[in-house]
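Engineer: Below you'll find the structure I mean.
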Amino acid sequence: VGKYESFKKEFLDTHNAYRAQHGAPPLTFNTELDDAAQKWANQMLAKKKLGHSDTDDGENVFYAWSSETKTLTGKEAVDSWYSEIKDYDFKKSGHQPKTGHFTQVVWKSSTELGVGIATDGNTVFVVGQYRPAGNITNAGYYQKNVLPKGTGNTHTHFDVLLKVLCLYQIIITD
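Heads up: the sequence shown runs through residues 1 to 174, numbered per full-length UniProt numbering.
Structure, rendered in structure tokens:
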């Protein structure tokens with residue numbers, strides 16, 4: 001068991017708790033994404049510089065510094081990203097400034113997650129990588145993938161009901 005197992009579990013659980021509030025399915029860990037995220041977190045720590053890697057996957061990065069040794073929880077990074085919901089207008093469609101971390105956390109079509117954490121005791125870098133990537137700017141993608149809070153499973157039930165009704169109508173009319 002790695003030294004960051006509890007961090008990783010909390011990181012995943014926090015993502016999935018937020019995603020459930022927005023009608024998005026739970027993420028699962030992907031070891032390839034884990035490895036890439038860890039490699040990038042290590043590089044940022046070595047350079048002491050926050051930035052994005054050149055991945056084609058979705059990516060959120062987080063940085064914290066304290067003059068005292070601090071243990072970061074998996075929840076803290078995700079909470080920081082999710083807090084951008086305050087700047088997201090669900091009535092508008094498409095990309096909005098200062099909300100990209102939030103939208104990636106709840107992006108419905110993302111299904112896999114990788115996490116990396118690197119620290120020297122005072123400085124901490126966290127990387128979340130997502131597959132498929134979120135924040136796709138094609139028309140309608142935000143509407144389908146960034147659902148309002150409270151959407152929960154009702155959206156899924158509605159989709160199923162709609163399919164059943166369509167199927168029922170096909171049977172009746174044939």
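Even glycine gets a Cβ: it sits at the ideal position worked out from N, Cα and C.
Expressed to the nearest angstrom, what Euclidean distance is found between the alpha-carbon atoms of ASP54 and GLU68?
Structural biologist: In a straight line, the C-alpha of ASP54 is about 32 angstroms away from that of GLU68.
Engineer: Taking its Cβ as the centre, do 16 or more other Cβ atoms sit within 10 Å of HIS15, making it buried, or is it exposed?
Structural biologist: When all chains shown are included, HIS15 counts as buried.
Engineer: Can you list the alpha helix (DSSP H) stretches of 4 or more residues lying completely in the UniProt domain "SCP" (6–138), in chain order?
Structural biologist: You should have 31–47, 74–82, 100–106.
Engineer: For the alpha helix (DSSP H) that TYR141 lies in, which residues bound it at each end?
Structural biologist: 141–145 is the span of the alpha helix (DSSP H), which, as asked, contains TYR141.
Engineer: Does the beta-carbon distance from ASP56 to GLY114 come in below 8 angstroms?
Structural biologist: Result no, Cβ atoms of ASP56 and GLY114 do not sit closer than 8 angstroms.
Engineer: Tell me which same chain residues have a C-beta within less than 7 angstroms of the C-beta of LYS8, skipping the five on either side of it?
Structural biologist: Taken in chain order, the residues that qualify are GLY74, VAL115.
Engineer: Who are the Cβ neighbours of LYS108 in its own chain at under 6 angstroms, not counting the five residues just before and after it?
Structural biologist: Here the set comprises ALA24, ASN145.
Engineer: For residue 193, is the classification buried or exposed, using 16 other Cβ atoms within 10 angstroms of its Cβ as the cut-off for buried?
Structural biologist: Nothing about residue 193 can be read from this structure; the chain reaches only from 1 to 174.
Engineer: Quick one: residues in its chain with C-beta nearer than 6 angstroms to the C-beta of THR137, no 5 flanking neighbours on either side, listed in chain order?
Structural biologist: So the qualifying residues of the chain are HIS95.
Engineer: Pairing CB atoms from the region 79–95 with CB atoms from the region 39–48, are three or more of them under 8 angstroms?
Structural biologist: Counting Cβ pairs under 8 angstroms, fewer than three are found: no touch.
Engineer: Just mark LEU147 as buried or exposed, buried being the case when its beta carbon has 16 or more other beta carbons within 10 Å.
Structural biologist: Classification for LEU147: buried.
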